[in-house]
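J.: In the UniProt record's numbering, the protein residues as written are 1 to 379.
We put the beta carbon where it would ideally sit given N, CA and C, even for glycine.
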């Protein structure tokens, strides 16, 4: 099994950081790559444009490897929301057809679809969160509902961002393809931990950033565009995606302006190379062991978690009977334990920096907080 990689990070020993789903810590190698990039702006006469072009293509290739794609099918963007907006700009959305999405979806995968549904006369079909956490069954029921309008686009994700509840794209996408629906995937919380193979899944578009599970910087992401979606328009037209006024080949036509960032691209590449070196399956195996321990500890405190077959290996949603006590996160943080509140769920999300003792630290701090031994105000 992949051991803890804590030594690669600058996390003090007293800190138990279980919030990778919000914002990953940067490994030393990623920070060093960024610092070297800053120096290129301090001494631009030593900065060769061709060198940054090469880094951009290496980053594109690394991103492609992570999802089983060809580099020519991957665009470099500034965010997942830009990727989803690019997809929305280039898909046919017939009046009266459905836009299918999950309840409480993250804004990057909901705002543009909700707006377009209202503007273009589409039927917005929002699938409620299933009580048992089985999103796959709930979505299959919605997709195949008798008498429902055809689906123009399904906006999906491999897991719900709030609690790690799994969504089986392997089961859903073949059914959607049979209906003629387009599929746009926000893989923010998946790439780097959950194996993704776009050749097998065949989505129309799939977007992901680098600043969470890929250990990279903020403000950089990638968009997979299926080969039959290589004829669209980018969000902006620039000298990276228009070569002599002609659209760049493949998904490069969607590349963002100011693509060749000498700071962000080397940082992203350094993070992705770490993940690729460990292997996505190895990262998943490591984090599954950690979240299984966290889940057992939560259950021992009388708290609710999804069963292992319905939750992702790296994100654990802990539901507290009676709701999240005000001040709980602050009380945990005072003990050096850092998590998030997402939709009233205590979201616990370790990454490879997590040490063997940290699940026990989480249990002890949470138990004391809920028992009233720490300063937590309950409404």
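(1) Is it true that the CB of residue 250 sits closer than 8 Å to the CB of residue 72?
(2) Could you pull the start and end residues of the beta strand (DSSP E) that residue 340 belongs to?
(3) Find out if the Cβ-Cβ distance for the pair residue 169, residue 185 is shorter than 8 Å.
(4) Give the C-beta separation of residue 80 and residue 207 to the nearest angstrom, bearing in mind that I take them to be a contact with Cβ-Cβ under 8 Å.
(5) What separation, rounded to the nearest whole angstrom, lies between the Cα atoms of residue 317 and residue 39?
(6) Shortest alpha-carbon distance to residue 363 belongs to which of 352, 346, 353?
(7) Going by DSSP in three states, residue 19 sits in which element: helix, strand or coil?
(8) Comparing C-alpha positions only, which one of 266, 235, 181, 365 sits nearest to residue 56?
(9) Is residue 213 buried or exposed, if buried means 16 or more other CB atoms sit within 10 Å of its CB?
(10) Excluding sequence positions up to five away, which residues of its chain have a Cβ less than 6 Å from the Cβ of residue 59?
(11) Taking 6 Å as the limit between beta carbons, can you name the residues of its chain near residue 171, skipping five residues before and five after?
(12) Between which two residues does the beta strand (DSSP E) containing residue 151 stretch?
(13) With a cut-off of 8 Å on the beta carbons, I'd call residue 352 and residue 280 a contact; round off their distance for me.
(14) Using a Cβ-Cβ cutoff of less than 7 Å, which residues in the same chain neighbour residue 199 once the five nearest sequence positions on both sides are dropped?
(15) CA-CA distance, residue 34 and residue 65?
(16) Would you call residue 102 buried or exposed, if buried means 16 or more other Cβ atoms sit within 10 Å of its Cβ?
(17) Considering residue 121, what are the terminal residues of the alpha helix (DSSP H) in which it resides?
(18) For residue 158, which option in 312, 205, 31, 142 has the closest C-alpha, if you only look at C-alpha atoms?
(19) Which residues share a DSSP beta bridge with residue 316?
T.: According to the structure data:
(1) For this step, residue 72 is matched to residue 72 along the chain shown. For this step, residue 250 is matched to residue 250 along the chain shown. Contact: yes.
(2) By one-based count along the chain shown, residue 340 stands at place 340. Unbroken beta strand (DSSP E) run through residue 340: 340-342.
(3) Here the question's residue 169 lines up with position 169 in the chain shown. Here the question's residue 185 lines up with position 185 in the chain shown. Result yes, Cβ atoms of residue 169 and residue 185 sit closer than 8 Å.
(4) Position 80 of the chain shown, counted from the first residue, corresponds to residue 80. Position 207 of the chain shown, counted from the first residue, corresponds to residue 207. 5 Å between Cβ atoms; contact.
(5) Here residue 317 refers to the residue found at position 317 when the chain shown is read from its first residue. Here residue 39 refers to the residue found at position 39 when the chain shown is read from its first residue. Cα to Cα, the separation comes out at about 41 Å.
(6) Residue 363 sits at position 363 when you count from the first residue of the chain shown. When each option's Cα is compared against that of residue 363, the closest is 346.
(7) As a working note, residue 19 is residue 19 in the chain shown. If DSSP states are grouped into helix, strand and coil, residue 19 belongs with the strands.
(8) Taking the chain shown and counting its residues from 1, one reaches residue 56 at position 56. Residue 266 is the option with its Cα nearest to residue 56.
(9) Sequence index remark: in the chain shown, residue 213 carries index 213 (1-based). So residue 213 counts as buried.
(10) Here residue 59 refers to the residue found at position 59 of the chain shown. Excluding residues within five positions, the ones whose Cβ falls inside 6 Å are 265, 268, 269.
(11) Indexing the chain shown from 1 puts residue 171 at position 171. In its chain, beyond the 5 residues on either side, 136 have a beta carbon closer than 6 Å to the beta carbon of residue 171.
(12) As a first step, residue 151 is located in the chain shown; it is residue number 151 there, counting from the start. Secondary structure note for residue 151: its beta strand (DSSP E) is the uninterrupted segment 151-156.
(13) As a position in the chain shown, residue 352 is number 352, starting the count at 1. As a position in the chain shown, residue 280 is number 280, starting the count at 1. No, residue 352 and residue 280 are not in contact; Cβ-Cβ is about 12 Å, not under 8 Å.
(14) To locate residue 199, count along the chain shown from 1; it is residue 199. Same-chain partners within the cutoff: 68.
(15) Along the chain shown, one-based indexing puts residue 34 at 34. Along the chain shown, one-based indexing puts residue 65 at 65. Their Cα atoms are separated by approximately 22 Å.
(16) For the purposes of this step, residue 102 is taken as the residue at position 102 of the chain shown. Buried.
(17) For this step, residue 121 is matched to residue 121 along the chain shown. Element bounds for residue 121: n/a, residue is neither H nor E.
(18) As a working mapping, residue 158 is identified with position 158 in the chain shown. When each option's Cα is compared against that of residue 158, the closest is 312.
(19) Position 316 of the chain shown, counted from the first residue, corresponds to residue 316. Bridge partners of residue 316: 348.
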